[in-house]
Amino acid sequence: MTTKDILKIVANLVVIYLVGGAILSYVHANTSPIRYQNNIIAEEKALKLLIPDADKIEKMGDWEIHEKHGKYWKATKGEEVIGYVVLSFGKGYSSYIKTLIAVDKDFKVMKIEILDHKETPGLGDEILVPAWKDQFVGKDFDHIKLVKGETKEYIQAITGVTISSRAVTDDAVKNGVKFLIDTVKGGGAAHGGSH
Amino acid sequence: MAEATEEQVSYWELIKNGILKENTIFRLALSLCPAIAVTNNVKNGFFMGLAVVLVQVMVNFTISAMRKFIHQRIRLPIFMLVISGWVTIVNLVMDAAVPDVYREVGMYIQLIVAFASILARAEMFASKNRIVPSVFDGIGMGTGFFIALMIISAFRELIGKGQLWGFPIIDAKPLLILILPAGGFFAVGILMAAFNWVYAKYFSSGGHSH
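Shown next as structure tokens:
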């Protein structure tokens, strides 16, 4: 390899990195605001789907889980509080699974929705299957627990996707509901007692 | 005039080559892993196929355009950089433009980086040919891959779930194994055999030598 070869290789790589980097940052800069907006729209749509009965879903505050930014909302119908929604994260196999959990006023799960995850393609997506997510409906805090094998009482793990399904169940949902109980219920009880 | 017609014919030949004679999946047996992973329903197969056509064409175009400037020794790393660059662009644009679809197939789009078929065409064709033929080769190979994905995913979804694009078609107990990975191997094997049988019977010219 002559000096000329070496120079050519270096020039090749420098040019490719510079041009490629410039194109990628241009595309990223132009698409990221749209993607950000899309996420907000998706979040609003998901909230409506979680508690279709609610007239109004208003944000109550923020919280933190796995150093991620979670949020929680209060759903009302007329004057009455009919439930709460919390945005939570579960540490999965290769990503943090972004999950929305809706609970009724007794803190039983009404519905959950997975907003985003980067688990193993083709396998991890099993957590998106409605039949699996529907297992959470009606479960209270003590019954949000992943078990292997047939169960009606708890949440059944998906074969081959144990880590992802555990991340949703024992991490995202359980911690999310616990947070709501600790935060909202405490406040709610004190509020109710004062009347 | 005559020359232009001749060129058009050869471009058509390039496209036909990618669809039939050198069909990535059914004839070259390349990129079988993603072909099995994404084809358990038609919708995934469709968008994955579309993304592959786009990436293949853009990669062929780019590699062909810079083929004279690339040093032989580092051509493969450079091909990989070009491929991953285009995949990232498709990934970002799809996320912004069609978020609902991206939620379903986004993870597979990133897998295109590792497609043997795209690297193979960059090395075997685009790095040795002019830009226009390379683009047509990309269209041909990409379309061949797209068609193969559509055939496999339609077969698997129809028999494995009794549906097409999520709409119920057959009202009978489906053969669930076909949408599982193991069934994917069966499906690809059966369809590959069928494709080659049809190809040998109707499309291969009589005079070819083995």
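Taken in order, these protein sequences are the chains called E and H. Counting in the working numbering, the first sequence runs from 1 upward without gaps. Counting in the working numbering, the second sequence runs from 1 upward without gaps. Backbone N, C-alpha and C define an ideal beta-carbon position, used for all residues, glycine too. Computed from a prediction, not measured in an experiment: that's the story for all the values here.
| Item | Value |
| --- | --- |
| So, helix, strand or coil for GLY92 (chain E), using DSSP? | coil |
| Terminal residues of the continuous beta strand (DSSP E) containing LEU115 (chain E)? | 109-116 |
| How far does the alpha helix (DSSP H) with HIS28 (chain E) in it extend, from its first residue to its last? | 3-50 |
| Does the region 17-34 of chain H come close enough to the region 166-177 of chain H that 3 or more CB-CB pairs lie under 8 Å? | no |
| Name the residue from H:VAL90, H:TRP86, H:PHE203 and H:MET58 whose alpha carbon lies nearest to the alpha carbon of PHE47 (chain H). | H:VAL90 |
| Using a cut-off of 7 Å between C-beta atoms, extract the partners of LEU81 (chain H) located in chain E. | ILE16 and GLY20 |
| Starting from the N-terminal side, write out each stretch of the alpha helix (DSSP H) that is 4 residues or longer and does not extend beyond the region 55-94 of chain E. | none |
| When the cut-off is 8 Å and only beta carbons count, does ILE89 (chain H) lie next to chain E? | yes |
| Against chain E, with Cβ distances strictly below 8 Å, would GLY207 (chain H) count as a contact? | Here GLY207 (chain H) scores only 45 on pLDDT, less than 50, and its place in the model should not be relied on; the value that follows carries that caveat. Not one chain E Cβ lies under 8 Å of GLY207 (chain H). |
| Compare the C-beta of GLU3 (chain H) against all C-beta atoms of chain E and say whether one is closer than 8 Å. | Since pLDDT at GLU3 (chain H) reaches only 45, below the 50 mark, its modelled position is unreliable, and no value is offered. |
| Would you tell me roughly how many angstroms separate the C-alpha atoms of LYS43 (chain H) and LEU149 (chain H), rounded to the nearest one? | 10 Å |
| Give a yes or no on whether 8 Å exceeds the smallest Cβ distance from ALA65 (chain H) to chain E. | no |
| Let me know the beta strand (DSSP E) ranges lying completely inside the region 152-195 of chain H, each 3 residues or longer, listed in chain order. | none |
| Quick check: the Cα distance between LEU13 (chain E) and ALA114 (chain H), rounded to an integer number of angstroms? | 21 Å |
| Have a look at LYS174 (chain E) and ILE57 (chain E) and give me their C-alpha separation to the nearest angstrom. | 22 Å |
| Can you check which of these residues, H:THR62, H:SER31, H:PHE203 and H:TRP86, is closest to TYR26 (chain E) by C-alpha distance? | H:TRP86 |
| Identify the residues that DSSP records as bridge partners of ILE98 (chain E): which are they? | Correcting the residue type first, residue 98 (chain E) is Lys in the shown sequence and not Ile. Beta-bridge pairing links LYS98 (chain E) to E:PHE89 and E:ASP116. |
| What did DSSP end up calling LEU32 (chain H) once you bin it into helix, strand or coil? | helix |
| What are the partner residues of ILE155 (chain E), as DSSP defines its beta bridges? | E:LEU146 |
| Just checking my contact of SER233 (chain H) with SER84 (chain H) at CB under 8 Å: how many whole Å lie between their CB atoms? | Because chain H here runs from 1 to 210, residue 233 (chain H) falls outside it and cannot be looked at. |
| In terms of DSSP beta bridges, what is VAL59 (chain H) paired with? | Answer is none; VAL59 (chain H) lacks a bridge partner. |
| Can you name the residues of chain H whose CB is closer than 7 Å to the CB of ALA29 (chain E)? | Those within 7 Å of ALA29 (chain E) in chain H number zero; the least Cβ separation is about 10 Å. |
| State buried or exposed for VAL59 (chain H), treating a residue as buried only when at least 16 other CB atoms are found within 10 Å of its CB. | buried |
| Quick check on DSSP: helix, strand or coil for VAL137 (chain E)? | coil |
| Could you pull the start and end residues of the alpha helix (DSSP H) that GLY176 (chain E) belongs to? | 174-180 |
| Would you mind working out which of E:THR159, E:LYS59, E:ILE82 and E:ILE155 sits nearest ASP171 (chain E), comparing C-alpha positions? | E:ILE155 |
| Which class does GLU13 (chain H) belong to by DSSP, given the choice of helix, strand or coil? | helix |
| Classify VAL129 (chain E): buried if its beta carbon has 16 or more other beta carbons within 10 angstroms, exposed otherwise. | exposed |
| Go ahead and pull the three-state DSSP assignment for GLY129 (chain E). | In the sequence on display, residue 129 (chain E) carries Val and not Gly. Coil, per DSSP. |
| Starting from the beta carbon of ALA167 (chain E), find every residue of chain H whose beta carbon is closer than 8 Å, and list them in chain order. | Correct list: empty, because the minimum Cβ distance to chain H is about 16 Å. |
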